[in-house]
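Numbering (UniProt numbering), first residue to last: 1 to 943.
Set out below in structure tokens:
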């Protein structure tokens with residue numbers, strides 16, 4: 001049966017055109033119930049013993065996804081109209097819903113009601129899309145009720161009063177979520193329900209969780225229409241809010257409109273936003289702007305006092321950080337204030353699930369009733385969250401997951417709901433390992449990393465094992481046989497997912513043929529397949545201290561695609577002819593078959609190059625490549641590429657207990673730099689190739705130049721120590737950093753670490769969204785750049801492989817490349833996933849650092865990297881650790897007050913007895929303490 005669907009669309013030129021599409025309706029779509037006497041039960045997903053089949057509406061899915069994921073909720077029909085609505089409104093919830101529907105354990109069935117002739121509904125004249133979709137849901141529920149008859153009970157679950165009323169009037173069994181959950185007789189399930197925003201409940205003191213009197217605590221957020229108008233007129237400024245990791249009462253919003261970071265100081269001005277929210281900010285009057293010196297490090301014991309939350313009525317009521325030390329500059333030069341502001345609205349929320357524990361409290365009288373409790377996240381940047389629970393006694397000593405539901409202006413804390421229990425507090429498995437049912441670790445949950453096992457549909461996309469290169473692969477005209485080449489890989493020790501290999505052959509004319517061979521992942525990951533969809537959403541593999549969360553299933557990453565030694569594998573190769581001066585004479589690109597002769601670690605490769613007795617072919621190739629790489633690297637540096645540094649930490653892990661045995665800075669060798677140089681060259685070559693063929697839909701990577709304001713902290717530090725840094729160009733900065741040497745061998749690395757922290761984040765983008773000057777990669781000083789060399793662990797590289805294959809005429813360009821908004825959306829997701837993976841890796845390092853020092857209090861040397869009014873931030877070179885050291889009066893045995901000299905980056909006593917300066921070496925004591933229950937931290941104390 002054929003229906004025509006029509007809608008209007010505005011073109012880029014502003015014309016409105018009518019689009020008519022054919023819509024096919026069928027009568028053979030199965031209902032999914034195995035006990036149905038009409039449909040083919042071979043496609044059934046619901047359980048054979050189902051006494052009740054649930055049909056959920058869109059808002060139930062959007063708001064109650066935590067409940068739906070609970071094992072107690074099963075036999076659920078998800079209508080295609082609901083699936084489409086959820087996809088349009090919240091991609092994160094959509095992905096979780098798709099995972100439920102593809103999970104063989106859960107009994108969720110997707111029914112294509114929009115394509116069944118008995119359940120498809122046309123929109124009525126004057127009917128809104130929302131009303132039409134509600135009617136489609138009721139029609140499908142009515143059809144299921146009639147279709148299954150007395151075999152089972154069909155219930156529509158909706159919290160929409162109007163939809164429920166109409167359903168009952170139409171003879172459909174309908175219930176609210178809460179009513180249905182209560183009927184299950186499991187009180188604990190009620191904790192999972194998202195609570196509606198409260199109109200009259202605020203939280204009192206920590207000890208008193210009863211509703212308090214009505215009072216306005218925060219200002220209302222502006223409506224989006226007013227925010228948009230204010231942004232257009234320059235009254236408001238948009239940016240992502242970042243909460244200071246050392247002071248949860250201090251945040252920053254990077255604003256492109258004023259070219260600087262706006263300081264948001266105090267909970268009142270932060271106005272109910274979370275770290276990572278995209279917000280609209282209004283600048284405060286300039287007399288309320290804060291000087292950098294006045295910003296302090298909040299102590300772990302600082303508590304959120306009432307006046308921190310009150311809305312200021314005048315300049316005299318400006319919010320403050322509690323327990324802040326007062327200081328004076330004396331005769332120091334006046335310091336210009338930093339722009340300060342307040343949040344007036346939220347453009348995009350960054351709420352997700354948080355891990356922590358309930359604040360200790362006495363058990364209320366009686367049992368089994370609803371108790372109010374405060375949830376305390378392990379992350380200090382997250383405010384306490386108010387929840388209601390019927391299982392308080394079971395949760396007080398547990399590490400739990402909580403989700404945020406709302407935060408109204410009458411409530412001191414946000415409201416949320418319990419999601420699930422991770423385990424006992426302090427248990428190492430709870431803190432660091434996957435639980436038995438494969439729930440994600442705390443670090444993964446807090447960084448929105450998907451660590452669930454791959455679904456059966458995804459695994460069905462893999463070729464059967466054992467896999468080997470076939471005769472068809474070798475005879476395929478698109479693929480070149482390069483098995484005769486002496487190919488080898490150089491990777492970190494123990495690497496199993498080897499996605500790049502190299503070769504270097506001396507040519508008769510004195511030049512070299514150099515090849516970079518990358519695992520041909522796209523030969524197995526096909527566009528639009530469940531495997532491709534999964535990789536699109538995961539975006540990247542995530543590397544923690546003791547495990548890897550794969551973007552693709554292990555059979556693919558560690559076997560089928562991994563370029564292991566002595567096995568034939570499929571590759572995508574970039575091959576150059578180079579002169580001994582590393583000048584590229586020619587480039588070619590080809591799908592290939594290779595056979596690696598050696599899988600070396602960085603240490604092994606370096607040892608070969610350093611051992612003058614070794615003259616075997618692989619060692620000779622390594623030396624030749626290293627010589628070329630040094631020339632290439634110097635040429636990049638001469639061009640203006642930056643050689644930055646980061647505090648990479650390496651742990652030695654006990655293979656039995658998985659506890660860290662040792663910790664130290666990661667050592668970079670020439671072998672690392674050699675591999676990096678050829679990977680960079682391959683990425684640049686591929687970027688040029690794909691952009692020349694697809695100028696509007698290539699996926700590239702850019703690194704925006706830092707603004708002068710972003711570099712200000714680096715310049716201020718440099719000036720304080722008598723160092724002159726020229727930041728006018730990347731070349732000037734690179735040369736300045738090279739000249740920044742002192743008697744201390746670690747001095748230059750420390751300056752480079754500080755420079756790294758002033759940089760913007762490199763990001764993926766669609767070439768059609770920006771102009772060519774904006775493609776520039778500042779850090780590499782490269783006109784063009786992309787990611788091609790790691791398709792096993794990065795989905796961006798998978799996209800680029802498809803672009804390169806299409807540029808070579810091997811395959812047709814997939815449809816997504818014709819849809820630029822969708823490609824832009826994919827790039828945005830890749831940036832989000834890449835950032836989260838970085839944060840998860842750092843959090844994993846911090847977690848294992850705590851475990852390591854818990855039984856090892858240590859005295860060591862540290863360097864001061866930032867001065868604040870009540871202390872300073874130090875960096876510990878030996879361990880790659882950074883943290884605050886307090887100069888609190890209560891711990892002071894000397895005389896006088898502390899004075900902060902922002903210009904000279906010094907803090908000193910008024911009596912001149914003690915003084916500290918930036919980059920100065922100090923001795924500190926490191927030990928793990930727990931100033932607040934269930935929130936251990938590594939405390940750094942001045943010796």
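Note that the Cβ used here is the ideal one computed from N, Cα and C, for glycine as well.
By the 10 Å Cβ neighbour count, where 16 or more other Cβ atoms means buried, how is residue 276 classified, buried or exposed?
-> Residue numbering aside, residue 276 sits at position 276 when the chain shown is read from its first letter. In summary, residue 276 is buried, with 16 or more beta-carbon neighbours lying within 10 Å of its beta-carbon over all protein chains present.
The alpha helix (DSSP H) with residue 884 in it runs from where to where?
-> In the chain shown, residue 884 corresponds to position 884, counting from 1. Counting along the chain, no alpha helix (DSSP H) covers residue 884; the unbroken beta strand (DSSP E) around it starts and ends at 881–886.
Beta-carbon spacing of residue 699, residue 767 below 9 Å = Working through the chain shown from its first residue, we reach residue 699 at position 699. Working through the chain shown from its first residue, we reach residue 767 at position 767. Yes, these two residues count as a Cβ contact at 9 Å.
Please say whether residue 493 and residue 601 have beta carbons closer to each other than 9 Å?
-> Locating residue 601 in the chain shown gives position 601, counting from the first residue. Locating residue 493 in the chain shown gives position 493, counting from the first residue. Yes, they are a contact pair.
Measure the C-alpha to C-alpha separation of residue 268 and residue 244 and round it to an integer number of angstroms.
-> Along the chain shown, read from residue 1 onward, the residue named residue 268 stands at position 268. Along the chain shown, read from residue 1 onward, the residue named residue 244 stands at position 244. Cα to Cα, the separation comes out at about 16 Å.
Cβ shell of residue 937 (< 8 Å), same chain only, five flanking positions each side left out = Counted from its first residue, the chain shown places residue 937 at position 937. Around residue 937, the same chain offers 300, 850, 928, 929, 930 and 931 as residues with beta carbons nearer than 8 Å, after the five sequence neighbours per side are excluded.
Would you identify the three-state DSSP class for residue 927, choosing helix, strand or coil?
-> Locating residue 927 in the chain shown gives position 927, counting from the first residue. In this structure, residue 927 counts as strand in the three-state DSSP scheme.
Three-pair Cβ contact test at 8 Å for the region 581–590 versus the region 548–565 = As far as the Cβ criterion goes, the region 581–590 does not touch the region 548–565, which means the pair count is below three.
Kindly identify the DSSP beta-bridge partner or partners of residue 782.
-> If you number the chain shown from 1, residue 782 lands on position 782. Bridge partners of residue 782: 777.
Close-in-space but distant-in-sequence residues of the same chain around residue 548 (CB under 8 Å, 5 per side omitted) = Sequence index remark: in the chain shown, residue 548 carries index 548 (1-based). If we look at residue 548 and ignore the five residues flanking it on each side, its Cβ neighbours are 497, 541 and 542.
For the beta strand (DSSP E) that residue 487 lies in, which residues bound it at each end?
-> Walking along the chain shown from the start, residue 487 turns up at place 487. Run containing residue 487: 487–491, per the beta strand (DSSP E) assignment.
Assuming residue 279 contacts residue 347 (C-beta within less than 8 Å), just tell me the rounded distance between them.
-> The residue labelled residue 279 in the question sits at position 279 within the chain shown. The residue labelled residue 347 in the question sits at position 347 within the chain shown. Contact flag correct, Cβ pair sits at about 6 Å.
Would you kindly report the start and end of the unbroken alpha helix (DSSP H) that includes residue 72?
-> Here the question's residue 72 lines up with position 72 in the chain shown. Segment: none, residue 72 is in no alpha helix (DSSP H) and carries neither H nor E.
Buried or exposed: where does residue 626 fall if 16 or more other Cβ atoms within 10 Å of its Cβ makes it buried?
-> Within the chain shown, numbered from 1, the residue matching residue 626 stands at position 626. Residue 626 should be labelled buried.
Look at residue 594 and residue 568 and say whether their C-beta atoms are less than 9 Å apart.
-> Against the chain shown, residue 594 aligns to sequence position 594. Against the chain shown, residue 568 aligns to sequence position 568. In this structure, residue 568 lies closer than 9 Å to residue 594 by Cβ.
Measure the CB-CB distance between residue 518 and residue 693 and report whether it falls below 9 Å.
-> Counted from its first residue, the chain shown places residue 518 at position 518. Counted from its first residue, the chain shown places residue 693 at position 693. It is not a contact, given that the beta carbons lie outside the stated cut-off.
Decide yes or no for the touch test of the region 763–779 against the region 897–913: beta carbon pairs closer than 8 Å, at least 3 of them.
-> Using a C-beta cut-off of 8 Å, the region 763–779 makes no contact with the region 897–913, since fewer than three inter-stretch Cβ pairs fall below that distance.
Same chain only: Cβ atoms within 7 Å of residue 351, ignoring 5 sequence neighbours per side | In the chain shown, residue 351 corresponds to position 351, counting from 1. Excluding sequence neighbours, residue 351 sits near 274 and 404.
From residue 101 to residue 536, what distance separates their C-alpha atoms?
-> Looking up residue 101 in the chain shown gives position 101. Looking up residue 536 in the chain shown gives position 536. Between residue 101 and residue 536, the C-alpha separation is close to 18 Å.
When DSSP builds the beta bridges, which residues end up paired with residue 516?
-> As a first step, residue 516 is located in the chain shown; it is residue number 516 there, counting from the start. BP columns for residue 516 point to 502 and 574.
Alpha carbon to alpha carbon, what distance is there between residue 861 and residue 924?
-> Numbered from 1 along the chain shown, position 924 holds the residue referred to as residue 924. Numbered from 1 along the chain shown, position 861 holds the residue referred to as residue 861. So the alpha carbons of these two residues sit roughly 6 Å apart.
Just confirm the distance between the C-beta atoms of residue 82 and residue 58, as a whole number of angstroms; I'd bet it's less than 8 Å.
-> Position 82 of the chain shown holds residue 82. Position 58 of the chain shown holds residue 58. With a Cβ gap of about 5 Å, residue 82 and residue 58 count as contacting.
Which of helix, strand or coil does DSSP assign to residue 240?
-> Stepping through the chain shown from its first residue, residue 240 is reached at position 240. Of the three classes helix, strand and coil, the one that applies to residue 240 here is strand, per DSSP.
Assess, as a yes-or-no matter, whether the region 782–798 is touched by the region 682–690 under the definition of 3 or more beta carbon pairs within less than 8 Å.
-> Using a C-beta cut-off of 8 Å, the region 682–690 makes contact with the region 782–798, since at least three inter-stretch Cβ pairs fall below that distance.
Taking residue 863 and residue 750 to be in contact with their CB atoms under 8 Å, please state how far apart those CB atoms are, rounded to whole angstroms.
-> Within the chain shown, residue 863 is the residue found at index 863, counting from 1. Within the chain shown, residue 750 is the residue found at index 750, counting from 1. A Cβ-Cβ distance of about 6 Å is found for the pair residue 863 and residue 750, placing them in contact under the 8 Å criterion.
Do residue 237 and residue 282 have their C-beta atoms closer together than 9 Å?
-> Taking the first residue of the chain shown as position 1, residue 237 is located at position 237. Taking the first residue of the chain shown as position 1, residue 282 is located at position 282. A Cβ-Cβ contact shorter than 9 Å links residue 237 with residue 282.
Rounded C-alpha distance that separates residue 926 from residue 859 | Indexing the chain shown from 1 puts residue 926 at position 926. Indexing the chain shown from 1 puts residue 859 at position 859. Residue 926 and residue 859: Cα-Cα distance of roughly 6 Å.
Would you say residue 191 and residue 390 are within 9 Å of each other, going by their C-beta atoms?
-> For the purposes of this step, residue 191 is taken as residue 191 along the chain shown, with counting starting at 1. For the purposes of this step, residue 390 is taken as residue 390 along the chain shown, with counting starting at 1. For the pair residue 191 and residue 390, the CB atoms are nearer than the 9 Å cut-off.
Which of helix, strand or coil does DSSP assign to residue 199?
-> The sequence position of residue 199 within the chain shown is 199, counting from 1. Note that residue 199 has pLDDT 35, beneath the 50 cutoff, so the model's placement of it is unreliable and no number is given.
CA-CA distance, residue 874 and residue 910?
-> Indexing the chain shown from 1 puts residue 874 at position 874. Indexing the chain shown from 1 puts residue 910 at position 910. Each residue's Cα considered, the two are about 23 Å apart.
Excluding five sequence neighbours on each side, which residues of the same chain lie with their C-beta closer than 7 Å to the C-beta of residue 765?
-> Locating residue 765 in the chain shown gives position 765, counting from the first residue. Correct list, in chain order: 700, 702 and 827.
Got a sec, what are the start and stop residues for the alpha helix (DSSP H) residue 457 sits in?
-> Working through the chain shown from its first residue, we reach residue 457 at position 457. DSSP places residue 457 inside the alpha helix (DSSP H), whose first and last residues are 456–459.
Which one or two residues does DSSP pair with residue 749 in a beta bridge?
-> By one-based count along the chain shown, residue 749 stands at place 749. Note: residue 749 sits in no beta bridge, so no partner.
Endpoints, beta strand (DSSP E) assigned at residue 346 | Position 346 of the chain shown, counted from the first residue, corresponds to residue 346. First-last of the beta strand (DSSP E) with residue 346: 340–348.
Nearest neighbour of residue 619, chosen from 488, 137, 742 and 834 [CA to CA] = Reading the chain shown from its first residue, position 619 is the one you call residue 619. For residue 619, the nearest C-alpha among the options comes from 488.
When 706, 737 and 796 are compared against residue 760, the one with the closest alpha-carbon | Along the chain shown, one-based indexing puts residue 760 at 760. Closest option to residue 760, Cα to Cα, is 706.
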